[in-house]
């Protein structure tokens, strides 16, 4: 039974990394939101399983917050935003998918090489979760670096935060107040970014970063 | 005894070179020289195969530096490489007896060819830094002279220049490496180098220098740019020797320095051979897939196989550094097996390319086609070479690549995380290069030998003479035997592993049915002979069933082609059309590919034009800036030739004062 | 006596693979037709087609060479040998140790080599299209397969198929790496066998064909051999997935006859389920553009790489 518990946590963490890769590959905005929803669902399942394994009831609350906020409210509002912006049918130019994927694999390997020896004395489940969490954070950063559309950058940022939550859940004893404050600040940031996007869109008729650079004169 | 025999034969080879100059008016000089080379190479091969009383024989000759002499030594590794070198040499000389008749200026080849063979043999036997370097430079210079055989062509002149540059650079790196190894006292003979203690930074420096020096001769990326220029420029039998044998001599040098002279390895030594080997494998095969010149294609394919050998050597280093003797022995034996295999099939392929060149006058596959009808024997032998080099069972290329994969599968036992994760990544690169290699040779064979002839020279081509065919057939037979009876080859090679990595593979001859099981029988095993028999049995039983129950009639008709009647052979697939999918998907990463289509508007009757521009990134980012930097430095130093007398005196005075200050400090 | 029994068992597996492969193709066609509300041809139709082809005269192009005439035999022989080495109803058969998983994949690569050469032999543009695309797909599918082989061998500790099947049967557990390897192998299997969405086996004479373009000029007994070889390849992949990832009911080679019968029944059931799932998948997807296939295969390669990394993680914990 012990083995099955670890196996299921293993599968969930691996699925989360796989979903981060799918985010890198996806070039349709509506598809991106769907995959982000999946990311959030797997995260809440993973945190809930951690709660069961560690016998820590406050993690159930974390899982519930993740499910409600990240899997329901945020995707819903993002969908509303992009429909009002009119960009919901965009197919983004994701240059060099092959290279991005290879860099992604390299980042996962790097997180493993860095994290696993460093946590040699900890519980195996926690070690694995922390190593994968670092990988998810790096993949979220990679997504933010390789994307041009502001909405995709937001989603990359949110997937990064998901990775942080996974790490915090894996390390035993994360108090709930940290989680609430982190989630709250993300929500505020999200609202502010949403407002800015509308202003930018009003001004420049475009939310593509390359076009914005052109408008500023930074690019011919 | 074998050592003295070998040294005598080497001197005899040098004498043959001199004889070629002396007797140059003789109309039969070409055949005589090559016959003598065959004889001497065969004797050297026997000397290598002879059982030695003691395992290691050495001797010192009173030539060379007065306080050093020239040391020569033959041990298991030298014997193996001596055998490989002379097998290739004998085959090339046999081929050249027929091919040499095509040569318009034989005197540009004949004196240097035996010297080249002598130089390669001497490198393998050298036991001190001086004789090693002398033999190495001698080998480079002789092959340089051979590259410049057809010097009327500007391409060949450029090839010679680049080759000379890279060879000097490599030789300089080796000089520094041996200098560091010899130390301040100058103890250059290998025996004392083995004894000396080496600090950590010294070993890193020597490893890097050895990698540069040997790697540039072997064709390791990014020092490979001279290979596709120089190897095709030489006559075909010399190209075969350069690709198939000289690169192996460079590998011998690397093994000697890194596995023997440098002492016990550290695990990070393996990172460089692994990464550069993987890079060479991928770069070599990707460039090979887009070449239209048959010989350039084969040269790039050599780069790929050298990459594979370095991958195996890197694996052996990683395992040896961690004290894992059995996996290290497996990787080392796999590397040596691939050395043997590659010398066989690369020579075979270059002989085939030479036969095509001699028979049709063309090297460009886009002007060939249908050679399987006009040159049937060459086509069959070349096909065998293609199957062997694409690592397909049941021939020998598959066995060595299989062994490298088995070594890669043992990587979880490595404790360090960097190598533990690097090795599977290298495994992917290896698998990708093997698959791309098969695609490359499908293209080369399909466009050049199959289909319909694209030019008159292809239609009127003829098979070469029986010496050439005989040499190729002998090599193909050896490929088949090595593929069907790999246990014999492994058992001959594995004693070398014991001296160099501390362990050896279990004796394969004890296993039933002549199969090989590198680690343990339950873990993995392969039986080439059984697979071959199975294939023949299945094919023949299918044929029997069909002839008994089905129809055996057949008739000839024009090609169906969906009902289109095609008359012109230009409508069939060309080499660049075949490579287009690979170029589009993988080419963007490896080389910057730009395709420009110039399509005339409807009504305009001029031809459409497709421009494909391919740039070698390594050349642009590494060599071009270096060349520019050297040129800038040189032109800024040009003012030194325009100084007045007083300024010259001032320079001399300043130099003198500087040296005195150095002495004072 | 056991030697004779072993020999008979091995021979039975060879003949079983040969007999069942066209039936598998027939089953898939029938199921696809049913899913499209058609009646569909009888399951035994592929065998009828093969026998009809065998009896017909071969029409050869004027410039067909000896390679063209001997390639079908070589392709068939190599594929049949590879298919006989994959455990179907029993593991550890007499000659199963003569080639491990890597050698089986390489044998399929040999068959592909000769098929591509045969496509280029006549010198028409259709053959060239097929061969060049097959070369590209092969060069991407092989590294993905090797990565999957790595994953499975790291887990099971061997590359010998019978040992892998025995290990997997004995240690049934849920592993993310094995799951990813399964999805990767499914992607590779679809690409290698030329099923939708990579290639459409049901129609001929389209410019996007890969396998059908290479064999366009073949007729009569040659075509029969090549069709049989591609059926055997599909059977090989289904058996491979079944024996590595779902090794339930496999008998050992020295078991009694009843265990072998159970193994045979389990195998037939797995074939039927595999055929049904393939038919379902093919009817619900469209064929993708040729230049999207590298992305598809690249996904398989990424899954293989991730799976290998995951295995390393769990092993070192």
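Protein chains in written order, with this note's numbering: chain A, 643 to 862; chain Y, -13 to 651; chain P, 4 to 320.
Note that beta-carbon positions come from the ideal geometry of N, C-alpha and C, so glycine has one too.
In this text, all values refer to a predicted model and were calculated from it rather than measured experimentally.
Query raised in the report: Of all Cβ atoms in chain Y, is any one closer than 8 Å to the Cβ of residue 200/P?
Result: Not an interface residue.
Query - DSSP-derived helix/strand/coil call for residue 88/P - result: Looking at residue 88/P - three-state DSSP - the assignment turns out to be coil, as it is neither helix nor strand.
Requested in this report: Could you run through the segment 268 to 284 of chain P and flag, in chain order, every residue whose CB is less than 7 Å away from some CB of chain Y?
Outcome: Residues of the segment 268 to 284 of chain P with a Cβ closer than 7 Å to any Cβ of chain Y: none.
Query raised in the report: Along chain Y, in chain order, which residues have C-beta atoms closer than 7 Å to that of residue 32/P?
Result: By Cβ distance, chain Y contributes nothing, its closest Cβ being about 24 Å from residue 32/P, past 7 Å.
Query raised in the report: Of all the alpha helix (DSSP H) runs that stay within the bounds of the segment 234 to 289 of chain P, which reach a length of 4 or more residues?
Result: Runs of the alpha helix (DSSP H) inside the segment 234 to 289 of chain P: 260 to 287.
Requested in this report: Determine the direct distance from the alpha carbon of residue 303/Y to that of residue 61/Y, and round the result to whole angstroms.
Outcome: Their Cα atoms are separated by approximately 20 Å.
**Report entry** Residues within the segment 748 to 771 of chain A neighbouring chain Y, beta-carbon criterion of under 8 Å
**Finding:** Within the segment 748 to 771 of chain A, the residues whose Cβ lies closer than 8 Å to some Cβ of chain Y are 751, 754, 755, 758 and 759, listed in chain order.
Query raised in the report: Quick one: which chain Y residues come within Cβ less than 9 Å of residue 746/A?
Result: Correct list: empty, because the minimum Cβ distance to chain Y is about 13 Å.
Query raised in the report: Over what stretch of residues does the beta strand (DSSP E) that includes residue 56/Y continue unbroken?
Result: Residue 56/Y -> beta strand (DSSP E) spans 56 to 60.
Report task. Return the CA-CA distance between residue 654/Y and residue 296/Y, expressed in angstroms with no decimal places. Result -> Since the first residue of chain Y shown is -13 and the last is 651, residue 654/Y is not available in this structure.
Query raised in the report: Under three-state DSSP, which class holds residue 512/Y?
Result: It is a strand residue.
Query raised in the report: Using the beta-carbon count (16 or more within 10 Å), is residue 75/Y buried or exposed?
Result: Burial call: buried.
Query raised in the report: Helix, strand or coil: which one does DSSP assign to residue 654/Y?
Result: This structure leaves residue 654/Y out entirely; chain Y is present only between -13 and 651.
Query raised in the report: So the alpha helix (DSSP H) residue 386/Y belongs to, where does it begin and stop?
Result: It spans 382 to 394 - the alpha helix (DSSP H) in which residue 386/Y sits, taken as one unbroken run.
Query - Own chain, CB closer than 6 Å to residue 195/Y, minus 5 neighbours either side, in chain order - result: For residue 195/Y, where only same-chain residues beyond five positions count, the Cβ hits under 6 Å are 159, 162 and 163.
Query raised in the report: Can you find at least 3 beta carbon pairs, one from the segment 289 to 308 of chain P and one from the segment 118 to 135 of chain P, that sit closer than 8 Å?
Result: A contact between stretches requires three or more CB pairs, one per stretch, nearer than 8 Å, and the segment 289 to 308 of chain P fails this requirement with the segment 118 to 135 of chain P.
Query raised in the report: Just curious, the beta strand (DSSP E) that residue 599/Y is in, first and last residue?
Result: Bounds of the beta strand (DSSP E) holding residue 599/Y are 595 to 601.
Query raised in the report: Relative to chain A, which residues along the segment 164 to 198 of chain P have a C-beta separation below 8 Å, given in chain order?
Result: Per Cβ criterion, the list reads 176, 177, 178, 179, 180, 182 and 183.
Query - Start-to-end residues for the alpha helix (DSSP H) that takes in residue 5/P - result: First-last of the alpha helix (DSSP H) with residue 5/P: 5 to 38.
Report task. Assign residue 619/Y to one of two classes, buried (16 or more other C-beta atoms within 10 Å of its C-beta) or exposed (fewer than that). Result -> That one is exposed.
Query raised in the report: Quick one, which of 157/Y, 397/Y, 253/Y and 59/Y has its alpha-carbon nearest residue 202/Y's?
Result: Nearest to residue 202/Y by C-alpha distance, out of 157/Y, 397/Y, 253/Y and 59/Y, is 157/Y.
Query raised in the report: Over what stretch of residues does the beta strand (DSSP E) that includes residue 43/Y continue unbroken?
Result: Unbroken beta strand (DSSP E) run through residue 43/Y: 43 to 47.
Report task. Could you name the residues that DSSP lists as bridge partners for residue 192/Y? Result -> For residue 192/Y, which the question treats as bridged, DSSP gives no partner whatsoever.
Query raised in the report: What is the C-beta distance between residue 184/Y and residue 248/Y, in whole angstroms, given that I count them as a contact (C-beta under 8 Å)?
Result: The C-beta distance from residue 184/Y to residue 248/Y rounds to 7 Å, short enough to fall under 8 Å.
Query raised in the report: Pick from 442/Y, 402/Y, 648/Y and 105/Y: whose alpha carbon is nearest that of residue 355/Y?
Result: Here the closest residue by C-alpha is 442/Y.
Query - Opposing strand residues paired with residue 279/Y [DSSP bridges] - result: When DSSP reads this structure, residue 279/Y sits in a beta bridge with 350/Y.
Query raised in the report: Would residue 317/P count as contacting chain A if we go by Cβ distances under 8 Å?
Result: Residue contact with chain A for residue 317/P: present (Cβ-Cβ distance below 8 Å to some residue of chain A).
Query raised in the report: Using a C-beta cutoff of 8 Å, does residue 305/P count as contacting chain D?
Result: Of the protein chains in the structure, A, Y and P, none is chain D.
Query - Identity of the residue in 139/Y, 155/Y and 46/Y nearest residue 126/Y by Cα - result: Each of 139/Y, 155/Y and 46/Y was checked against the Cα of residue 126/Y, and the nearest Cα belongs to 155/Y.
**Report entry** With 16 other Cβ atoms within 10 Å as the buried cut-off, status of residue 45/P
**Finding:** Exposed: under 16 other Cβ atoms inside 10 Å.
Requested in this report: Spatial neighbours of residue 64/P within its chain, please: CB distance less than 6 Å, with the 5 preceding and 5 following residues excluded, ordered by chain position.
Outcome: Same-chain partners within the cutoff: 125 and 220.
Query raised in the report: Can you give the Cα-Cα distance for residue 101/P and residue 517/Y, rounded to whole angstroms?
Result: Computed Cα separation, rounded: 7 Å.
Query raised in the report: Which residues does DSSP pair with residue 63/P in a beta bridge?
Result: 542/Y, per the DSSP bridge assignment.
Query raised in the report: Using a Cβ-Cβ distance under 8 Å, would residue 663/A count as near chain P?
Result: Nearest CB-CB separation between residue 663/A and chain P: below the 8 Å threshold.
Query raised in the report: Comparing alpha-carbon positions, which option in 559/Y, 414/Y, 251/Y and 327/Y lies nearest residue 476/Y?
Result: In terms of CA proximity to residue 476/Y, 327/Y leads the group 559/Y, 414/Y, 251/Y and 327/Y.
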